[in-house]
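Undergrad:
Protein chains: 2
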Amino acid sequence: MERRDLHGRDLPGAEAGQPDPDGVARLAPLARITLGTQVYDALRDLLIAGELAPGERLSLRTVAERLGTSMMPAREAVSRLVADEALEVLPNRAVRVPVITLTKFRELTRVRIAVEGFAAAEAARPPGPDELAAIRAHDAAFRHEVRAPEPDLERAMRANRDLHFAVYAAAGLPSLIAIIEGLWLRIGPVLNLDMRSSPRRLAEGGAEAHHARLVVALAAGDPDGARAALAADIAGSAAFIETTGRLAP
Amino acid sequence: MERRDLHGRDLPGAEAGQPDPDGVARLAPLARITLGTQVYDALRDLLIAGELAPGERLSLRTVAERLGTSMMPAREAVSRLVADEALEVLPNRAVRVPVITLTKFRELTRVRIAVEGFAAAEAARPPGPDELAAIRAHDAAFRHEVRAPEPDLERAMRANRDLHFAVYAAAGLPSLIAIIEGLWLRIGPVLNLDMRSSPRRLAEGGAEAHHARLVVALAAGDPDGARAALAADIAGSAAFIETTGRLAP
DNA sequence: TGCCGTGATCTGTGATCACACTTAGGCTGG
DNA sequence: CCAGCCTAAGTGTGATCACAGATCACGGCA
Chain A
12 MERRDLHGRD LPGAEAGQPD PDGVARLAPL ARITLGTQVY DALRDLLIAG ELAPGERLSL
72 RTVAERLGTS MMPAREAVSR LVADEALEVL PNRAVRVPVI TLTKFRELTR VRIAVEGFAA
132 AEAARPPGPD ELAAIRAHDA AFRHEVRAPE PDLERAMRAN RDLHFAVYAA AGLPSLIAII
192 EGLWLRIGPV LNLDMRSSPR RLAEGGAEAH HARLVVALAA GDPDGARAAL AADIAGSAAF
252 IETTGRLAP
Chain B
12 MERRDLHGRD LPGAEAGQPD PDGVARLAPL ARITLGTQVY DALRDLLIAG ELAPGERLSL
72 RTVAERLGTS MMPAREAVSR LVADEALEVL PNRAVRVPVI TLTKFRELTR VRIAVEGFAA
132 AEAARPPGPD ELAAIRAHDA AFRHEVRAPE PDLERAMRAN RDLHFAVYAA AGLPSLIAII
192 EGLWLRIGPV LNLDMRSSPR RLAEGGAEAH HARLVVALAA GDPDGARAAL AADIAGSAAF
252 IETTGRLAP
């Protein structure tokens, strides 16, 4: 779903099998992967997966030691996450994952509906055949996981995420994807934490139906339908989160 | 326009005049302003103002020395700006202002129209009286500056920026403002650099007329009208930039 | 018993040093 | 005269040290 998700550098393609005419020409420039970036990705995954609860405090030294590096890469990673508002520094200089208030959550939801809805609409005019195929695959994976007698929450949420970002990728606007990733980074903790606490609700929110409508609209090249379906999906999960009442006032 | 723009800490309000009953109670917590943040703000202003040309290279040591700090705050500032995609590190580890390609510019423009257009629509339902007054003031300042016999480019662009962000602030969605600031940070260099090279074009782009329509729509509580006016404004200035042909293919 | 000073400990911030790597310029050898 | 290497200056990255400020628990005073 994301440009750094492979957690490694681009394969230089130097398999050294049979010699390749102008093989060097197809060498991609090595992806710069610094320690700071690796720490950033690690913390980022923890946040999106909801493994860091809102309000939980972080320590640069602890993070550094846990990941086997010095304090410097941890510093860079944390300061980047603070810039993304995925972490915050209290006036005491303490670093923690932000506690989202109810009003802030609603605000983020409105912004998500606008931005992600726009992305879905753009994806619908029209998506390429392989993009549509990828979307359908993630949709099927999500449906299969949710309908299973023993649903694997982890896989279901990943399928949901992959489905969403496959749609956004089909919009062909990379800068929009970066924006959406920033939004997910901020709602990830509350969203996935609550989901984790009550797994079966995953199926009840109507996500399955929304996804189905979304795929149909995309395949039909119907921007407004795609936007509406995605907005309903977001609104549905947001409403569920609000019912859990775990948000600060 | 922005939460850090004052470049200083909140006045503690301790004037030590006549004693104030529970005066300590009204002390606001001091705003945390680190050196790294100050460097970040300084570079940020340079970028938005177009004083750093696309392709221009930066050196941590140079920045640090110029601002009278050690290398550390410069590192933090630059890494944050890289995270915002307002700067980029080449595979050579060199840091420079990104050169925007024509396709990238068009993509950013489409995203801007969607996001900022949404903000304008939200601002129109309806803006508070003082918000509307602020918007009108910035609009008047811009018009006055553009119509002057000897237009001050600097002031005109600042009035334009203040007008836009006053509208976005009226939408009441802080996270949306942060997103838009990130977008402006990336188009700032190309936009303001080209504007600077041909000052008089400022008046020709029709910005004045678009602003007028925008203000009317906002006052009338007409979301669609506001969105359309703002979209036309963005599209107009983008079209002008493209005609200068300074963008990389 | 309740409260406030006080110490050790831990926090983020900034400075400084070490290192691998890139780049540009001058020199040498043809 | 030109191509080649090769040194020297400059780059970002990472580690380590120093320090002011915050936190928390213990112990003594009221």
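Going line by line, the protein sequences match chains A and B. The opening position of the first sequence corresponds to residue 12 in the working numbering, with each subsequent residue numbered one higher. The opening position of the second sequence corresponds to residue 12 in the working numbering, with each subsequent residue numbered one higher. Here a beta-carbon is modelled for each residue, glycine too, at the ideal position from N, C-alpha and C. These figures come from a predicted structure and were not determined experimentally.
In chain B, which residues lie with their C-beta within 9 Å of the C-beta of A/Glu118?
TA: In the first sequence, the residue the question calls residue 118 of chain A occupies position 107. In chain order: Gly183, Leu184, Pro185, Ser186, Leu187.
Undergrad: Give, in chain order, every residue of the stretch 61 to 95 of chain A whose Cβ lies closer than 8 Å to some Cβ of chain B.
TA: Answer in chain order: Arg86, Glu87, Ser90, Arg91, Ala94, Asp95.
Undergrad: Thinking C-alpha only, which one of B/Glu161, B/Glu127, B/Val157, B/Leu258 is nearest B/Glu239?
TA: Here residue 239 of chain B refers to the residue found at position 228 of the second sequence. Reading off the sequence, residue 239 of chain B comes out as Ala, not Glu. Answer by Cα proximity: B/Glu127.
Undergrad: Expressed to the nearest angstrom, what Euclidean distance is found between the alpha-carbon atoms of A/Ala36 and A/Glu142?
TA: Working through the first sequence from its first residue, we reach residue 36 of chain A at position 25. Working through the first sequence from its first residue, we reach residue 142 of chain A at position 131. The pLDDT assigned to A/Ala36 is 49, lower than 50, so where the model puts this residue is not dependable; a value taken from the coordinates is nonetheless given after this. Straight-line Cα distance between these residues: approximately 28 Å.
Undergrad: Between A/Phe129 and chain B, is there a C-beta pair that is closer than 7 Å?
TA: The residue you call residue 129 of chain A lines up with position 118 of the first sequence. Closer than 7 Å to some Cβ of chain B, the Cβ of A/Phe129 qualifies, so yes.
Undergrad: Taking DSSP's pairing of strands, which residues face A/Leu69 in a bridge?
TA: For the purposes of this step, residue 69 of chain A is taken as residue 58 along the first sequence, with counting starting at 1. Partner(s): A/Val106.
Undergrad: Taking A/Pro65 as the reference, which of A/Ala97, A/Thr114, A/Ser248, A/Ala132 has the closest Cα?
TA: The residue labelled residue 65 of chain A in the question sits at position 54 within the first sequence. Looking at the Cα atoms, A/Ala97 is the closest of the given residues.
Undergrad: Would the beta-carbon of B/Leu119 fall within 7 Å of that of A/Ser81?
TA: Here residue 119 of chain B is taken as the residue at index 108 of the second sequence, counted from 1. Here residue 81 of chain A is taken as the residue at index 70 of the first sequence, counted from 1. Not a contact, by the Cβ cut-off of 7 Å.
Undergrad: Given that B/Val265 touches chain A, what residues does it touch there, using C-beta distances under 8 Å?
TA: The requested residue 265 of chain B does not occur in the structure, where chain B is confined to residues 12 to 260.
Undergrad: Whole angstroms are fine: how far does the CA of A/Ala220 sit from the CA of A/Ala180?
TA: Here residue 180 of chain A refers to the residue found at position 169 of the first sequence. Here residue 220 of chain A refers to the residue found at position 209 of the first sequence. The straight-line gap from Cα to Cα measures roughly 21 Å.
Undergrad: Cβ closer than 7 Å: which chain B residues qualify as neighbours of A/Ala243?
TA: Here residue 243 of chain A refers to the residue found at position 232 of the first sequence. None at all; the shortest Cβ gap to chain B is about 18 Å.
Undergrad: Just how far apart, CA to CA, sit A/Arg257 and A/Val110?
TA: Along the first sequence, one-based indexing puts residue 257 of chain A at 246. Along the first sequence, one-based indexing puts residue 110 of chain A at 99. Looking at the two C-alpha atoms, the distance is approximately 10 Å.
Undergrad: Compare the C-alpha of B/Arg43 against each of A/Ala177, A/Glu161, A/Val100 and name the closest.
TA: Your numbering for residue 43 of chain B matches position 32 in the second sequence. The candidate whose alpha carbon is nearest that of B/Arg43 is A/Val100.
Undergrad: Taking one C-beta from the stretch 228 to 242 of chain B and one from the stretch 85 to 94 of chain B each time, how about it: are there three or more such pairs within less than 8 Å?
TA: Flag = no, the stretch 228 to 242 of chain B and the stretch 85 to 94 of chain B do not touch.
Undergrad: Got a sec, what are the start and stop residues for the alpha helix (DSSP H) A/Asp233 sits in?
TA: In the first sequence, residue 233 of chain A corresponds to position 222, counting from 1. Where A/Asp233 is concerned, there is no enclosing alpha helix (DSSP H), given that its DSSP letter is neither H nor E.
Undergrad: Does DSSP classify A/Ala182 as helix, strand or coil?
TA: Position 171 of the first sequence, counted from the first residue, corresponds to residue 182 of chain A. A/Ala182: coil per DSSP, three-state reduction.
Undergrad: On the three-state DSSP scale, how would you describe A/Glu253?
TA: The residue given as residue 253 of chain A occupies position 242 in the first sequence. A/Glu253 falls in the helix class under three-state DSSP.
Undergrad: Straight-line CA distance for A/Ile252 to A/Leu202?
TA: Your numbering for residue 252 of chain A matches position 241 in the first sequence. Your numbering for residue 202 of chain A matches position 191 in the first sequence. Cα to Cα, the separation comes out at about 7 Å.
Undergrad: Per DSSP, what are the beta-bridge partners of B/Val100 in this structure?
TA: For the purposes of this step, residue 100 of chain B is taken as residue 89 along the second sequence, with counting starting at 1. Partner(s): B/Val106.
Undergrad: Around the Cβ of A/Ala105, are there at least 16 other Cβ atoms within 10 angstroms (buried) or fewer (exposed)?
TA: Mapped onto the first sequence, residue 105 of chain A falls at position 94. Burial call: exposed.
Undergrad: Is A/Pro32 close to chain B? Criterion is C-beta to C-beta, closer than 7 Å.
TA: What you label residue 32 of chain A is simply residue 21 of the first sequence in a count that begins at 1. Because the pLDDT of A/Pro32 is 46, which lies under 50, any placement of that residue in the model is unreliable, and the number read from its coordinates should be weighed accordingly. Output row for A/Pro32: interface = no.
Undergrad: If distances are taken between C-alpha atoms only, which option among B/Ala131, B/Leu194, B/Glu156, B/Ala249 comes closest to B/Arg224?
TA: Taking the second sequence and counting its residues from 1, one reaches residue 224 of chain B at position 213. Out of B/Ala131, B/Leu194, B/Glu156, B/Ala249, B/Ala131 has the C-alpha closest to the C-alpha of B/Arg224.
Undergrad: If you reduce the DSSP assignment to three classes, tell me which class A/Thr120 lands in.
TA: The residue given as residue 120 of chain A occupies position 109 in the first sequence. Helix, per DSSP.
Undergrad: Have a look at B/Leu54, B/Gln49, B/Val74 and flag the residue whose alpha-carbon is nearest the alpha-carbon of B/Arg197.
TA: The sequence position of residue 197 of chain B within the second sequence is 186, counting from 1. That would be B/Leu54, whose Cα lies nearest to the Cα of B/Arg197.
Undergrad: What residues in its chain sit with their C-beta under 6 Å from that of A/Ala243, if we drop five residues either side in the sequence?
TA: Residue 243 of chain A sits at position 232 when you count from the first residue of the first sequence. Same-chain partners within the cutoff: His221.
Undergrad: Can you check whether the C-beta of B/Ala53 is within less than 7 Å of a C-beta belonging to chain A?
TA: Against the second sequence, residue 53 of chain B aligns to sequence position 42. With 7 Å as the cut-off, B/Ala53 does not count as an interface residue toward chain A.
Undergrad: Give the residues of chain A in contact with B/Arg43, contact being defined as C-beta atoms less than 8 Å apart.
TA: In the second sequence, counting from the first residue as 1, residue 43 of chain B sits at position 32. Those within 8 Å of B/Arg43 in chain A are Val100, Pro102, Arg104.
Undergrad: How would you call A/Arg86, buried or exposed, if buried means at least 16 neighbouring beta carbons within 10 angstroms?
TA: Locating residue 86 of chain A in the first sequence gives position 75, counting from the first residue. A/Arg86 should be labelled buried.
Undergrad: Below 7 Å between beta carbons is the criterion; list the residues of the stretch 125 to 156 of chain B that meet it against any residue of chain A, in chain order.
TA: Residues passing the 7 Å Cβ filter: Ala125, Val126, Phe129.
Undergrad: If you reduce the DSSP assignment to three classes, tell me which class A/Ala259 lands in.
TA: For this step, residue 259 of chain A is matched to residue 248 along the first sequence. Note: A/Ala259 maps to strand in three-state DSSP.
Undergrad: Quick one: using the 10 Å Cβ neighbour count with 16 as the cut-off for buried, is B/Glu76 buried or exposed?
TA: Your numbering for residue 76 of chain B matches position 65 in the second sequence. It counts as exposed.
Undergrad: Buried or exposed for A/Ala144, going by 16 or more other Cβ atoms inside 10 Å?
TA: Against the first sequence, residue 144 of chain A aligns to sequence position 133. Looking at its Cβ environment, which holds fewer than 16 other Cβ atoms inside 10 Å, A/Ala144 is exposed.
Undergrad: Can you find the residues in the same chain that come closer than 7 Å, C-beta to C-beta, to A/Ala88, ignoring five residues on each side of it along the sequence?
TA: Position 77 of the first sequence holds residue 88 of chain A. Answer for A/Ala88: Gly47, Val50, Tyr51, Leu54, listed in chain order.
Undergrad: If the criterion is Cβ atoms closer than 7 Å, does the pair A/Arg121 and A/Arg68 meet it?
TA: Translated into positions along the first sequence, residue 121 of chain A becomes position 110. Translated into positions along the first sequence, residue 68 of chain A becomes position 57. Not closer than 7 Å, so no.
Undergrad: Between the beta-carbon of B/Glu133 and the beta-carbon of B/Ala177, is there less than 7 Å?
TA: Taking the second sequence and counting its residues from 1, the one referred to as residue 133 of chain B is at position 122. Taking the second sequence and counting its residues from 1, the one referred to as residue 177 of chain B is at position 166. Not in contact: B/Glu133 and B/Ala177 (Cβ atoms no closer than 7 Å).
Undergrad: What would DSSP say about A/Thr80, mapped onto helix, strand or coil?
TA: For the purposes of this step, residue 80 of chain A is identified with residue 69 of the first sequence, where counting begins at 1. Three-state result, A/Thr80: coil.
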